[in-house]
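Participant: Before anything else, here's the structure in question.
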Amino acid sequence: MKVAIITGGAKGIGKAIGLKLASLNIDIALWDIIDEGDESAREVSSTHKVTARFYKVDVSNYNEVVDAVKKVLDDFKKIHIIVNNAGITRDGLLLRMKPEEWHSVLNVNLTGCFNCTKAVLKTMIAQRWGRIINISSVVGITGNPGQSNYAASKAGIIAFTKSVAKEVAKRNITANTIAPGFIETDMTLSLPDEVKEAYQKQIPVQRMGKPIDIANIAAFLVSEYASYITGQVINVDGGLVM
Ligand code: NAP
1248 MKVAIITGGA KGIGKAIGLK LASLNIDIAL WDIIDEGDES AREVSSTHKV
1298 TARFYKVDVS NYNEVVDAVK KVLDDFKKIH IIVNNAGITR DGLLLRMKPE
1348 EWHSVLNVNL TGCFNCTKAV LKTMIAQRWG RIINISSVVG ITGNPGQSNY
1398 AASKAGIIAF TKSVAKEVAK RNITANTIAP GFIETDMTLS LPDEVKEAYQ
1448 KQIPVQRMGK PIDIANIAAF LVSEYASYIT GQVINVDGGL VM
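Those letters in the sequence shown? Residues 1248 to 1489, per this note's numbering, in order.
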């Protein structure tokens, strides 16, 4: 039985990935800073016949991450998959962006990805098997006005993933990035309707994506079908960025 950690796993894309990987008979450790993670873990384990547990972890805090990895190893003994999905936005034009808005986004999105990947890597190397999936965004490729902090963090994830992929490929560990387009979650719910409609018109398939659209690619990347794919960025965006 394989074991996956999914950060930001209490809701949205992370929860969908948890449910999808559980359907493949993978045990699930959901990490999040919000308390709803307990309920999400119960839903994962009651929907599929796997063990799912919730751990309250702030991915931007390295010591918390290291402690949480120890707890997961105590509970599950192994860690095969890490999905670095926790992310936040603090949008604003650069002229008005406060340094704390820059730092908080970089700390959660990019440093969080570093913290969690580093903390599980030794275990994956010892097992000689691992799958690292980092959730970036198409704006990490294109840039986006009002999101210089977020786009920079997501571009950083792409370069981080490629570097890690090169370091660990010979250990039977792959590292890939998924770059979602516009996906229906709490993160996009708060956008004004006219902004959502404008985005939707730019998407060739003419709809926003659903969390399961991302979860399906995560399922592929952890499977043996993807064992020869590493260091790649897979856009899941209805054709928005080509
Ligand atoms: P979401 O619904 O807001 O879920 C993200 C989860 O991560 C939330 O529960 C959030 O808690 C949690 N989180 C925030 N900071 C954390 C921290 N320091 N440690 C641990 N957990 C933390 O977002 P989503 O839409 O599912 O997004 C998931 C990932 O996909 C993110 O990396 C996002 O950037 C990326 N993405 C999303 C879209 C989209 O259109 N939705 C597009 C491209 C990329 P809070 O609610 O308290 O913040």
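For each residue, glycine too, the CB sits at the ideal point set by N, CA and C.
Going by C-alpha to C-alpha distance, which of VAL1304, LYS1317, LYS1258 and VAL1313 sits closest to ARG1289?
Facilitator: Taking the first residue of the sequence shown as position 1, residue 1289 is located at position 42. Selected option, being the one with the closest Cα: LYS1258.
Participant: Can you round the beta-carbon distance between LYS1325 and VAL1250 to whole angstroms, since I take them to be within the 8 Å contact cut?
Facilitator: In the sequence shown, the residue the question calls residue 1325 occupies position 78. In the sequence shown, the residue the question calls residue 1250 occupies position 3. About 5 Å; that satisfies the 8 Å criterion.
Participant: How big is the Cα-Cα spacing for LEU1468 and SER1474?
Facilitator: Here the question's residue 1468 lines up with position 221 in the sequence shown. Here the question's residue 1474 lines up with position 227 in the sequence shown. Computed Cα separation, rounded: 8 Å.
Participant: Which residue from ALA1366, ASN1396, THR1424 and ILE1420 puts its Cα closest to that of ASN1310?
Facilitator: Reading the sequence shown from its first residue, position 63 is the one you call residue 1310. Checking every option, the nearest Cα to that of ASN1310 belongs to ALA1366.
Participant: In the segment 1374–1461, which residue ranges form an unbroken alpha helix (DSSP H) of at least 4 residues, counting only runs that do not cross its ends?
Facilitator: Whole alpha helix (DSSP H) segments, 4+ residues: 1386–1389, 1395–1415, 1433–1436 and 1440–1449.
Participant: With which residues is ALA1366 paired in a DSSP beta bridge?
Facilitator: For the purposes of this step, residue 1366 is identified with residue 119 of the sequence shown, where counting begins at 1. Its beta-bridge partners do not exist; DSSP assigns none.
Participant: To the nearest whole angstrom, what separates the beta carbons of ILE1464 and ILE1476, a pair I think is in contact under 8 Å?
Facilitator: Translated into positions along the sequence shown, residue 1464 becomes position 217. Translated into positions along the sequence shown, residue 1476 becomes position 229. Wrong, their Cβ atoms sit about 11 Å apart, outside the cutoff.
Participant: Please list, in chain order, all residues of the same chain as ASP1433 whose beta carbon is under 7 Å from its beta carbon, the five residues on each side excluded.
Facilitator: Position 186 of the sequence shown, counted from the start, is the residue given in the question as residue 1433. Here the set comprises LYS1258 and GLY1259.
Participant: Is VAL1319 near the ligand NAP, going by C-beta to nearest heavy atom under 6 Å?
Facilitator: In the sequence shown, the residue the question calls residue 1319 occupies position 72. Answer for VAL1319: no, Cβ out of range of the ligand NAP.
Participant: Looking at the strands, I want to know which residues DSSP matches up with VAL1250.
Facilitator: The count along the sequence shown starts at 1 and reaches residue 1250 at position 3. The partner list for VAL1250 (beta bridge, DSSP) reads ASP1274.
Participant: Taking 7 Å as the threshold (C-beta atoms), are THR1424 and SER1383 in contact?
Facilitator: As a first step, residue 1383 must be located in the sequence shown, where it is residue number 136. As a first step, residue 1424 must be located in the sequence shown, where it is residue number 177. Yes.
Participant: Leaving aside the five residues before and after ALA1403 along the sequence, list all residues of the same chain whose C-beta is less than 6 Å from its C-beta, in chain order.
Facilitator: Here the question's residue 1403 lines up with position 156 in the sequence shown. Reading the sequence as shown, one finds Gly at residue 1403 and not Ala. The residues are LEU1357.
Participant: Verify whether the separation of the beta carbon atoms of VAL1330 and ILE1380 is less than 7 Å.
Facilitator: Position 83 of the sequence shown holds residue 1330. Position 133 of the sequence shown holds residue 1380. Yes, they are a contact pair.
Participant: Tell me where the beta strand (DSSP E) around LYS1303 begins and ends.
Facilitator: Here residue 1303 is taken as the residue at index 56 of the sequence shown, counted from 1. Element bounds for LYS1303: 1299–1303.
Participant: Just tell me which of SER1437, PHE1429, HIS1350 and ARG1418 has its CA closest to the CA of ALA1373.
Facilitator: Reading the sequence shown from its first residue, position 126 is the one you call residue 1373. Closest by alpha carbon: ARG1418.
Participant: Could you tell me if MET1248 is buried or exposed, where buried requires 16 or more neighbouring beta carbons within 10 angstroms of its beta carbon?
Facilitator: Mapped onto the sequence shown, residue 1248 falls at position 1. The residue is exposed, with fewer than 16 neighbouring Cβ atoms inside 10 Å.
Participant: Is SER1384 close to the ligand NAP? I mean its beta-carbon at under 6 Å from any heavy atom of the ligand.
Facilitator: Along the sequence shown, one-based indexing puts residue 1384 at 137. Yes; taking the cut-off as 6 Å, the Cβ of SER1384 has a heavy atom of the ligand NAP nearer than that.
Participant: Using three-state DSSP, classify ASN1331 as helix, strand or coil.
Facilitator: Stepping through the sequence shown from its first residue, residue 1331 is reached at position 84. ASN1331: strand per DSSP, three-state reduction.
Participant: How about the segment 1256–1275 and the segment 1312–1321: do they share at least three Cβ pairs that are nearer than 8 Å?
Facilitator: With a cut-off of 8 Å, the segment 1312–1321 and the segment 1256–1275 do not count as touching, because too few Cβ pairs lie within range.
Participant: Are the CB atoms of VAL1352 and SER1235 within a distance shorter than 7 Å?
Facilitator: Beyond the ends of the chain as shown, which are 1248 and 1489, falls residue 1235; an answer cannot be given.
Participant: Check ASN1308 in the structure and name its three-state DSSP category.
Facilitator: Here the question's residue 1308 lines up with position 61 in the sequence shown. Residue state, collapsed to three classes: coil.
Participant: Taking ILE1455 as the reference, give the member of GLU1471, MET1344, THR1435 and ILE1405 with the closest Cα.
Facilitator: As a first step, residue 1455 must be located in the sequence shown, where it is residue number 208. The residue you asked about is not Ile; residue 1455 is Met in the sequence shown. Of GLU1471, MET1344, THR1435 and ILE1405, the residue nearest in Cα terms is THR1435.
Participant: Quick check: does the Cβ of PRO1427 come within less than 6 Å of any heavy atom belonging to the ligand NAP?
Facilitator: Reading the sequence shown from its first residue, position 180 is the one you call residue 1427. Under cutoff, so the answer is yes.
Participant: Taking the straight line between their C-alpha atoms, what separation do you get for GLY1485 and ILE1450?
Facilitator: Numbered from 1 along the sequence shown, position 238 holds the residue referred to as residue 1485. Numbered from 1 along the sequence shown, position 203 holds the residue referred to as residue 1450. Taking the straight line from one Cα to the other gives about 6 Å.
Participant: Let me check understanding here. Comparing Cα to Cα, which of ALA1263, GLY1478, LEU1487 and ALA1398 lies closest to LEU1341?
Facilitator: In the sequence shown, the residue the question calls residue 1341 occupies position 94. Checking every option, the nearest Cα to that of LEU1341 belongs to ALA1398.
Participant: Going straight from the alpha carbon of ASN1332 to that of ILE1253, what length do you get?
Facilitator: As a working mapping, residue 1332 is identified with position 85 in the sequence shown. As a working mapping, residue 1253 is identified with position 6 in the sequence shown. Computed Cα separation, rounded: 7 Å.
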